[in-house]
Structure formats: structure tokens, C-alpha cells
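**Student:** Please see the structure below; I have some questions.
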Amino acid sequence: MYNTAGLQQGVPHPQAAAQPNPFGNAFYGASSGLIKGGLGAYGEKILGSSSEYVQSNISRYFSDPQYYFQVNDQYVRNKLKVVLFPFLHRGHWTRITEPVGGRLSYKPPIYDINAPDLYIPFMAFGTYVVLAGFSLGLQGKFSPEALNWLFAKGLLGWFLQVALLKVTLLSLGSGEAPLLDIVAYAGYTFTGLAIAVLGKILIRYMYYVLMPWTCLCMGIFLVKTMKRVLFAEVRSYDSSRHHYLLLFIALAQFPIFSWLGNITVNWLF
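Structure representation (C-alpha cells):
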């Protein structure tokens with residue numbers, strides 16, 4: 001009944017021929033080539049360009065934090081002289097550049113007195129908080145909560161100074177200075193404040209001499225520094241507008257210094 005001719009021993013079985021797929025190999029080869037060649041190259045291009053974009057913008061606006069801590073004793077001494085006695089600085093205020101990787105880069109603070117650093121601002125801020133707490137102790141008002149208030153008040157004052165400088169640069173069409181540069185320039189405020197508070201601890205009335213002096217010096221330092229930043233970054237120069245805004249930066253130091261220099265547990269007074 002069944003045809004057994006094809007089942008005889010020794011006779012090879014005919015293999016079932018696979019159905020040909022005219023699109024299978026072509027589609028597989030094309031998709032593989034497209035993924036590996038086209039999409040791979042395109043994705044690499046996108047990721048590469050985005051990585052370069054992110055790195056360029058990070059370096060442009062934030063810079064390398066390690067750069068701001070490359071200091072030594074000589075730099076710290078000379079920088080304090082520039083901040084506390086800016087009118088005695090006979091050299092130029094321009095930062096020194098050097099070629100790095102085919103482009104110009106600023107030299108670190110250890111090699112350039114005009115470069116901003118974060119070592120002095122952080123140390124000055126800590127000194128200010130400690131001296132302010134000691135001053136409260138002499139007044140019989142010290143407490144851990146009061147020290148926390150002073151710390152927060154100092155941070156808020158630092159932020160206000162950063163906002164003042166940043167908004168001024170933006171209003172003049174020069175908002176491209178790295179953020180850490182602005183943070184460093186604003187942080188130098190606490191060098192004068194620490195000295196004024198120390199004078200108040202030693203001799204009460206010395207505060208009323210040191211506070212206006214350090215405030216005036218900080219105003220001159222910021223005007224000189226911001227003028228250099230503006231000349232380097234600004235797109236167009238309007239002499240009268242620049243001068244008025246630089247004067248505003250200098251005058252704004254008096255209320256900031258007065259507020260931060262008044263060591264109390266109150267936010268406003």
C-alpha cells in the first residue's frame with residue numbers, strides 16, 4: 001500500500017529542499033551593514049560631537065576645579081596684597097596664557113598672580129565664620145544654632161556677590177566667564193571681612209576703620225578685575241555704560257560688607 005521504494009537500505013534519503021528566500025540574505029546583509037556601518041558611524045559622530053560639546057561647555061563655564069587650588073605660599077602672600085591693597089599693584093591685570101593642546105589656556109594661579117583661586121576664598125570664609133562665632137561668644141550670644149546661622153548668612157552673602165558679578169557681565173553682553181572664576185572673585189570678599197571682624201575682637205572701634213577700608217579695597221579690586229574680564233570677553237564696548245555698571249559693583253560692596261560684618265543672630269541686622 002505504501003511506496004517503500006525510497007526506503008530501501010543503502011538508498012540515500014532525499015533531503016527536503018529549503019524554500020528559497022530571495023530577501024533573507026540580502027536583508028540580513030543590508031541590515032547588518034547598515035547597523036554596523038551607517039548607524040554605528042552616525043551614532044559615533046553624534047556621541048562624539050555631543051561629548052565634545054559637553055566638555056567644551058564644562059571647561060568654558062565651570063573649568064577644572066583642580067586648577068583653582070594650584071597655589072603656593074608665595075602666591076597666597078602676593079594675592080592677599082593685591083586684594084587688600086589693589087592700588088599698590090603696579091603690574092598689569094591681564095592673565096597670562098599658554099598654548100595647551102593647540103589652543104590658548106590660562107596659566108594656573110601658582111604661575112600667575114592675576115589668576116583666580118578658590119583656596120584663599122575658602123580659607124577666608126572659614127576664618128570669617130570662626131571669628132564671627134568667637135565674637136558672638138564675647139557678647140555672650142554664642143550657640144551652635146547661632147554658628148549655623150552665621151554659616152548660612154555667609155553663604156548667602158557669597159551667593160549674592162556671585163549673582164551681582166554674573167548679572168553685571170550678562171547685562172554687558174559678556175556672560176562667558178567661567179562660573180568658578182566668578183565664585184573665586186566673589187569669595188575674596190571674606191578676606192577683608194575676616195580682618196575687620198578680627199579688628200572688632202581686638203579693639204572694638206578698630207572695626208569702624210577696617211570695615212570701610214577693606215570694603216573700598218574690595219571695590220577697587222573687583223572693578224579692576226571686571227574691567228579686564230570685560231575687555232577680554234565683551235562683544236561691543238560702551239564706555240559710559242561700562243563705567244556706570246563698574247561703579248555700581250564698587251558701591252554695592254558697602255551694603256554687602258555692612259550686612260555680613262554685623263555679627264548678630266539676626267538675618268537683616
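With UniProt numbering applied, the sequence shown has no gaps in its numbers, which climb one by one up to 269 at the end. For every residue, glycine included, the Cβ atom is placed at its ideal position computed from N, Cα and C.
#1: What is the rounded straight-line gap between the Cα of Ile58 and the Cα of Tyr188?
#2: If you run the structure through DSSP and keep just helix, strand and coil, what is Arg95?
#3: Three or more C-beta pairs closer than 8 angstroms, one from the segment 126 to 145 and one from the segment 79 to 88: is that the case here?
#4: What separation, rounded to the nearest whole angstrom, lies between the Cα atoms of Arg204 and Tyr119?
#5: Could you give the distance in angstroms between the alpha-carbon of Ile195 and the alpha-carbon of Ala115?
#6: The alpha helix (DSSP H) with Ser171 in it runs from where to where?
#7: Per DSSP, which residues does Lys105 bridge with? Please list them.
#8: For a test of the three-state rule: what should DSSP assign to Phe190, helix, strand or coil?
#9: Reducing DSSP to helix, strand and coil, say where Gly261 ends up.
#10: Consult DSSP for Asn72 and reduce its assignment to one of helix, strand or coil.
#11: Just the Cα atoms here: how many angstroms apart are Leu169 and Gly133?
#12: Assuming Met226 and Phe257 make a contact with CB atoms under 8 angstroms, what is their CB distance in whole Å?
#13: Could you tell me how far apart the beta carbons of Ser135 and Val197 are, in whole angstroms, since I believe they sit closer than 8 angstroms?
#14: Consult DSSP for Gln139 and reduce its assignment to one of helix, strand or coil.
#15: From the DSSP output, in three-state form, read off Gly87 for me.
#16: Rounded to a whole number of angstroms, what is the C-alpha to C-alpha distance between Leu202 and Leu138?
#17: Kindly indicate which residue of His242, Lys224, Phe69 has the alpha-carbon position closest to the one of Pro121.
#18: To the nearest angstrom, how far is it from the Cα of Gly199 to the Cα of Val183?
#19: Return helix, strand or coil for Ile116, following the three-state DSSP convention.
#20: In angstroms, rounded to a whole number, what distance separates the CA positions of Val76 and Lys166?
#21: Distance check for Asp64 and Ile46, CA to CA, integer angstroms please.
#22: With distance defined between alpha-carbon atoms, name the residue in Ile249, Thr264, Asp181 nearest to Gln66.
#23: On the criterion of 16 or more Cβ atoms from any shown chain inside 10 Å, does Leu230 qualify as buried, or is it exposed?
#24: State whether the segment 213 to 223 contacts the segment 245 to 256, with contact taken as three or more CB pairs (one from each stretch) at a distance under 8 angstroms.
#25: Could you tell me the distance, in whole angstroms, from the CA atom of Gln74 to the CA atom of Pro108?
**Tutor:** Working from what's here:
#1: Here Ile58 scores only 42 on pLDDT, less than 50, and its place in the model is too uncertain to base an answer on.
#2: coil
#3: no
#4: If I take the Cα positions, the gap works out to 29 angstroms.
#5: 23 angstroms
#6: 144 to 171
#7: For the record, residue 105 in the displayed sequence is Ser; it is not Lys. Secondary-structure assignment with DSSP links Ser105 through a beta bridge to Glu98.
#8: helix
#9: helix
#10: coil
#11: When only Cα atoms are considered, Leu169 and Gly133 end up about 34 angstroms apart.
#12: That belief does not hold up - the Cβ atoms of Met226 and Phe257 are roughly 17 angstroms apart, past 8 angstroms.
#13: That pair is a contact at about 6 angstroms.
#14: coil
#15: It should be pointed out that residue 87 corresponds to Phe in this sequence rather than to Gly. In the three-state DSSP reduction, Phe87 falls in the helix class (H, G or I).
#16: 11 angstroms
#17: The candidate whose alpha carbon is nearest that of Pro121 is Phe69.
#18: 26 angstroms
#19: According to the sequence displayed, residue 116 carries Pro and not Ile. It is coil, neither helix nor strand.
#20: 25 angstroms
#21: Caution applies to Ile46, whose pLDDT of 37 falls short of 50 and renders its modelled position unreliable; the value that the coordinates give is listed next. Rounded to the nearest angstrom, the two C-alpha atoms are 24 angstroms apart.
#22: Among Ile249, Thr264, Asp181, the Cα nearest to that of Gln66 belongs to Asp181.
#23: buried
#24: yes
#25: 14 angstroms
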